[in-house]
Every structure is written in C-alpha cells, then in structure tokens.
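Residue numbers (the working numbering): 864 to 1188.
The beta-carbon is built from N, C-alpha and C at its ideal position, and this holds for glycine as well.
Quick notes on the structure that follows.
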C-alpha cells in the first residue's frame, strides 16, 4: 500500500533505476539510541499549543510504550557538518549532484504487535535504500528521482547486539520516500487542488508558526534550510514561505488519532498497527490548515490535512489492532 499511495498521475512511466546506482550499495551505520522520556515529552510540549491535548504531566513519564510517531524525534542523523549539503540536507541520502532540491513524499510505519518500543529502552536503528525510481521526461528539469528508505528499529531493556537484530522482530519499521528535483520550484506552475470526498468525523485547525518549525528541526537534528531560513526558502528554492517538515505531518495525524480514538478511555483499547501516508502539497508557515480524521471501521481510520484552499496537503490511512498486554 505504501508505494501505491505515492504513485502520482504522470504521463511518463515509472522507470526503475539500475541496481548499480551507488545509493543501493551505500552502507548506513547503525544508530544506537536510549529511549529517554525527554524527547517525547519535548515533542508533546512543542505540539501542545496546536492540538487539543490534556495538560502535560509535571514529571517525565518513565515507563510505557512510546506514542505512535514519536520515534521521529529519536535516532537523529549522525553526521558532522561537513556531510551536509548547501541546503542543509543529508549528503548521504542524495542520489547525485544534479539533484539539487529535495522534498518529503510520504511513507509508512508498521508497529510490531508484541515487541514494543518503550520509554527507558535501549534501541538500534538499521537503515537501507530499498528502491530508486525516476519519473518525468528524462533529463528535463521536470524529471524527479524517488528514493525509498527502510528504517528498522529494535528495542530492549538491555543494550542490543548485532545478533539481536532479527528480521521480522523490529518494534517499528518505517518506510520513507524522498523525492529529488533537478532545479528550483517552478513559480508559474499551478498546483492541482484535490479535495477530500468526505466530511471529517473529528478535526482541528492548525496554524504552524516559525517557532514550531524551529523547535521541530531542533528535536529531529534537521538542518534543512527550508524549515527555518526564509530568505533561502523564498529566493533560492522559490517557495512562498517556510515549509513544515514531512515527519511533522505524520506526527500531527497520529496525534489527532491518539487524542480522538486511542486515548478516549473506552472499554476496548486500540493501538496503531500500520499507517500509510502521502504528502500531496506543502504546508507553509503562518497559514491555516485543517487536520482531519474519519472512521471507516473500528480498525481503519482515514486521516488527512487540508490546505487553506480545501485540498489535500497530506492524506493517509491508519490500521488499528486491539491492544495486547
């Protein structure tokens, strides 16, 4: 479902990139992490003014499963400044010097039913490139390259060894897709507005601020300038304003689900099994967005963000399962 969500309407067919491309053979180091409650707490503190959440506890929690999506503020990139590109993005993820601009296209997250990532755990992340595709007229400024990453995260009460990283037993498996472009954004292009066909069952209004974007960049150790440098964003990359982070979109949608469905105190306790999402239009600072959810069944919820024009910014689908002890 992940790649079907990311498949755009395009008159040029998808072209698979040869396995000899250097990204396929790139080895990413393991990232070791301690699941301290502090990053998750700071994420809640950062989002609290923008969400209908109850007051935060005065003391940090020291147990319990990490809320869905909060893994995004753990496992920061282990890069010195010399390995950042001029736009502040990660050089190790870039497919080549001709691809000068990047955006977050979407992804999916799978949560293991019994092997949960909990606060105070020791954890390890393993990342690899699983697919490369190009779309658009070959060699033109409209050509795009989609790079698909798989990030598997194992968790335990003691520090993990390489032998503990067993396939199929990761607590969280995240797939993410980054799209790379050959040049700056075309300012004359008219964005297509795709409006949701259904009304939301629950929603909130979200107005991203510059402070919010900076704090999220800090929490994720993200130096990409499109999130905090207005001059670069407007004059170099030709966007009308600072952009919200792709991971922030994922977190916002899952937090909406958590507040309205997962943490409501009903007799049946649900947790997220899988979430697939696609970014369709940027979310800009100081513009009002509507974060929405709709129940399809007890185990399936559609989640999306609407632009000020009423079109999709992000759309996704969450699959739930009953909680097991």
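Where residue i falls, given that 16 or more other Cβ within 10 Å makes a residue buried
{"i": "residue 977", "result": "exposed"}
{"i": "residue 1145", "result": "buried"}
{"i": "residue 1159", "result": "exposed"}
{"i": "residue 1054", "result": "exposed"}
{"i": "residue 941", "result": "exposed"}
{"i": "residue 993", "result": "exposed"}
{"i": "residue 1112", "result": "buried"}
{"i": "residue 1178", "result": "buried"}
{"i": "residue 1084", "result": "exposed"}
{"i": "residue 971", "result": "buried"}
{"i": "residue 1149", "result": "exposed"}
{"i": "residue 956", "result": "buried"}
{"i": "residue 895", "result": "exposed"}
{"i": "residue 1162", "result": "exposed"}
{"i": "residue 959", "result": "exposed"}
{"i": "residue 1088", "result": "buried"}
{"i": "residue 1069", "result": "buried"}
{"i": "residue 927", "result": "exposed"}
{"i": "residue 973", "result": "buried"}
{"i": "residue 903", "result": "buried"}
{"i": "residue 818", "result": "Outside the shown range of the chain, which is 864 to 1188, sits residue 818, and nothing can be said about it."}
{"i": "residue 1143", "result": "buried"}
{"i": "residue 1072", "result": "exposed"}
{"i": "residue 1010", "result": "buried"}
{"i": "residue 1096", "result": "buried"}
{"i": "residue 918", "result": "exposed"}
{"i": "residue 1037", "result": "buried"}
Test item: CB-CB of residue i and residue j under 8 Å
{"i": "residue 925", "j": "residue 980", "result": "no"}
{"i": "residue 905", "j": "residue 1082", "result": "yes"}
{"i": "residue 1035", "j": "residue 1016", "result": "yes"}
{"i": "residue 966", "j": "residue 1042", "result": "yes"}
{"i": "residue 987", "j": "residue 1028", "result": "yes"}
{"i": "residue 891", "j": "residue 991", "result": "yes"}
{"i": "residue 969", "j": "residue 1004", "result": "no"}
{"i": "residue 1115", "j": "residue 1168", "result": "yes"}
{"i": "residue 1108", "j": "residue 1079", "result": "yes"}
{"i": "residue 995", "j": "residue 886", "result": "yes"}
{"i": "residue 1136", "j": "residue 1186", "result": "no"}
{"i": "residue 893", "j": "residue 989", "result": "yes"}
{"i": "residue 1067", "j": "residue 1119", "result": "yes"}
{"i": "residue 998", "j": "residue 1039", "result": "no"}
{"i": "residue 962", "j": "residue 1077", "result": "no"}
Same chain only: Cβ atoms within 8 Å of residue i, ignoring 5 sequence neighbours per side
{"i": "residue 1048", "result": "964, 1100, 1101 and 1102"}
{"i": "residue 1122", "result": "914, 915 and 916"}
{"i": "residue 953", "result": "940, 942, 946 and 947"}
{"i": "residue 872", "result": "Because the pLDDT at residue 872 is just 40, under 50, the model does not fix this residue reliably, and the point stays unresolved."}
{"i": "residue 1140", "result": "868, 969, 970, 971, 1112, 1113, 1116, 1166, 1177, 1178, 1179 and 1180"}
{"i": "residue 1032", "result": "975, 978 and 1017"}
{"i": "residue 1153", "result": "1063, 1066, 1067, 1068, 1069, 1168 and 1169"}
Spatial neighbours of residue i in its chain, beta-carbon cut-off 7 Å, leaving aside the 5 residues before and after
{"i": "residue 1063", "result": "1155, 1156 and 1157"}
{"i": "residue 901", "result": "923"}
{"i": "residue 1182", "result": "1136, 1137, 1162 and 1163"}
For residue i, the residue or residues it bridges with in DSSP
{"i": "residue 1178", "result": "1141 and 1167"}
{"i": "residue 1158", "result": "1164"}
{"i": "residue 1152", "result": "1069"}
{"i": "residue 1106", "result": "1147"}
{"i": "residue 895", "result": "987"}
{"i": "residue 1134", "result": "1184"}
{"i": "residue 1043", "result": "965 and 1008"}
{"i": "residue 1019", "result": "985"}
{"i": "residue 1036", "result": "973 and 1015"}
Other residues of its chain near residue i: CB distance less than 6 Å, five sequence neighbours each side excluded
{"i": "residue 1117", "result": "931 and 932"}
{"i": "residue 1058", "result": "1173 and 1174"}
{"i": "residue 1104", "result": "1147 and 1148"}
{"i": "residue 1132", "result": "1186"}
{"i": "residue 951", "result": "1086, 1087 and 1088"}
{"i": "residue 1018", "result": "980, 984, 986 and 1034"}
{"i": "residue 975", "result": "1034"}
{"i": "residue 1110", "result": "935"}
Distance cut-off 7 Å: residue i Cβ against heavy atoms of the ligand COA
{"i": "residue 1065", "result": "Inclusion of the ligand COA in the displayed structure is not the case, the ligand content being empty and no account of it being possible."}
Next item on the list: Mind listing, in chain order, the continuous beta strand (DSSP E) runs of no fewer than 3 residues lying wholly within the region 929–1017?
Entry: 964–974 and 985–998
Check: Residue ranges of each alpha helix (DSSP H) run of no fewer than 4 residues wholly in the region 906–931, ordered along the chain?
Finding: none
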